[in-house]
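Sequences listed follow chains C and S, in order. The numbering used here puts the first residue of the first sequence at 1011, with every later residue one more than the last. The numbering used here puts the first residue of the second sequence at 245, with every later residue one more than the last. Virtual Cβ for every residue (Gly too), placed ideally from N, Cα, C.
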Amino acid sequence: MNNPASFSIPFFIITILLFALIKRQNIWSHFTFGGMKGLKCAFEILPSLVGLITAIELLSASGALNAVSSFFAPVCNMVGIPEEILPLSLMRSVSGSGSTAVFQNILTTYTPDSYIGRTASVIMGSTETTFYTLSVYFAATRAKSARYCILCALLADLTGSIVASLLCKFL
Amino acid sequence: MIIAGLASIAVTQGGDAAVLILNNGLKKAFELIITLAPIMCFWSGIMEVADASGVTRIISRILSPVTSLLFGREYKNTNAMHLISMNMSANLLGMGNAATPLGLEAMRALDKINPTPEKASRAMCMFIVVNTASIQLIPSSVIALRSMYGSHSPSDILIPTIITTLCAFIVGTASAKICERLFP
């Protein structure tokens, strides 16, 4: 593994533990106490998670995305997002495994070094599965309405797709 | 969403398909929580140790110029802000596994100090926008996939990815700031 990111986790944990040793804290009791809190939290969010994930799964399987995709194609051509990328940018916001499948499909059809392949890679690397993050994070709260949050997150995703399409033309 | 999704699948692909997809969704949620629970347990434990030894306070202080710009000063030195700082540094370092449990804890901390629990607070919205924009420095999984599919220079996309992430991040957070004013 020559990936620098793979060192960050061990480094992070070791630093924290060393600090605790220097400050003479009781590491084990803190660790188990915190662990119990985390575990409780995980199971408390289970019911809302089940509902939300199921809803997202249904949405991505229902083919609604394909309909939306063909509807938006002309608009996206105007702002510079190629048609071939569109299913990916839409899927990316909804499902992690779904967008990985679409991404792999693009890589085999267009090869990774083509314009389409590079644009797709940049989109995959620079955006997050928005609806998934939204539902998991809101599952932890009592909030019923997400207010403007979805709008802003989708705006960020759209920016990502446009910037990626433009940048890859020149770089 | 569930009604519309189920209805359209039942019409276009038949009732069996609808039930199959429903079960699939349930399975996914269950798998997610099963994988998430031990990770959350571990990182909450580490977080508690970090709290006790003062590491979180140091990280919060390093990130405080950014966080006070995003969230305003009222959250400074709260437990929620410590958790947010930890989540952001985990994201930056590309530790997605650690970022999620820290982010969930941060959301719960924000929920506790939310004066209107029914409505998401400003800080919650900002925090989620920050997380969906995923400020990640090295997209390792994308690079791995690219080389698997025979790319000649898999890490070519590194710089455009960072620029794109930054643009998305700026647009997301700026629009959240504007929305804070528009819909108080």
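In the structure shown, C/S1155 adopts extended strand secondary structure according to DSSP, grouped into three states.
For a cut-off of 8 Å, the C-beta gap from S/P404 to C/L1177 is around 4 Å, short enough to register as a contact. For S/N331, the enclosing alpha helix (DSSP H) has its first and last residue at N323 to L336. Using a 10 angstroms sphere on the CB of S/T344, the tally of other CB atoms reaches 16 or more, which defines it as buried.
Annotated three-state conformation of S/K271 is helix, per DSSP. In this structure, S/A281 is the residue among S/S385, S/A281, S/D400 and S/I401 with its C-alpha nearest to the C-alpha of S/E349. Secondary structure in the stretch 1035-1082 of chain C: no beta strand (DSSP E) run of 3 residues or longer lies completely within the stretch. Ranking S/G347, S/N335 and S/D400 by CA distance to the CA of C/T1137 puts S/N335 first.
Contacts between S/A296 and chain C, judged by CB atoms closer than 7 Å, involve A1030, Q1035 and H1040 in chain order. If you draw a straight line from the Cα of C/R1152 to the Cα of C/L1068, it is about 24 Å long. Residue contact check for S/D260 against chain C: no CB pair falls below 8 Å. Judged by DSSP secondary structure, S/Y393 falls outside any alpha helix (DSSP H); it is assigned neither H nor E. The contact set of S/E292 on chain C, defined by CB atoms closer than 7 Å, consists of H1040, F1041, F1043 and G1044 in chain order.
For C/P1097, the enclosing alpha helix (DSSP H) starts and ends at L1096 to V1104.
Interface annotation, C/M1088: not in contact with chain S, CB-CB separation never under 8 Å. C/V1132 has a beta carbon lying within less than 8 Å of a beta carbon in chain S. Excluding residues up to 5 positions away in sequence, I1095, L1098, S1099, R1102, G1170, S1171 and A1174 lie with their Cβ nearer than 8 Å to the Cβ of C/I1133 in the same chain. The DSSP-derived three-state label of S/K320 is coil. For S/V310, not one C-beta of chain C is nearer than 8 Å to its own C-beta. Between the alpha carbons of S/V255 and S/G298 lies a gap of roughly 58 Å.
Taking CB atoms only, C/T1025 has a neighbour in chain S less than 8 Å away. Closer than 9 Å at the C-beta level to chain C, one finds these residues of the stretch 400-414 of chain S: D400, I401, L402, I403, P404, T405, I406, I407, T408, T409, L410, C411, A412, F413 and I414.
Nearest CB-CB separation between S/F427 and chain C: below the 8 Å threshold. Contacts with chain S at 8 Å (Cβ-Cβ) include C/P1122.
Rounded to whole angstroms, the separation of the alpha carbons of S/I357 and C/F1022 is 29 Å.
In the displayed model, S/K363 falls within a strand according to three-state DSSP. For the stretch 385-396 of chain S, residues whose beta-carbon sits nearer than 9 Å to a beta-carbon of chain C comprise S385, V386, I387, A388, L389, R390, S391, M392, Y393, G394, S395 and H396. Counting only Cβ-Cβ distances below 9 Å, C/R1152 has contacts in chain S at D355, N358, P361 and E362, in chain order.
One finds T344, G347, I372, N375, T376 and S378 in chain S with Cβ atoms closer than 9 Å to the Cβ of C/T1143, taken in chain order. Taking the beta carbon of C/K1047 as reference, the chain S residues within 7 Å of it are S288, listed in sequence order. Listed along chain C, the residues sitting closer than 7 Å to S/I277 by beta-carbon distance are A1052, L1056 and L1059.
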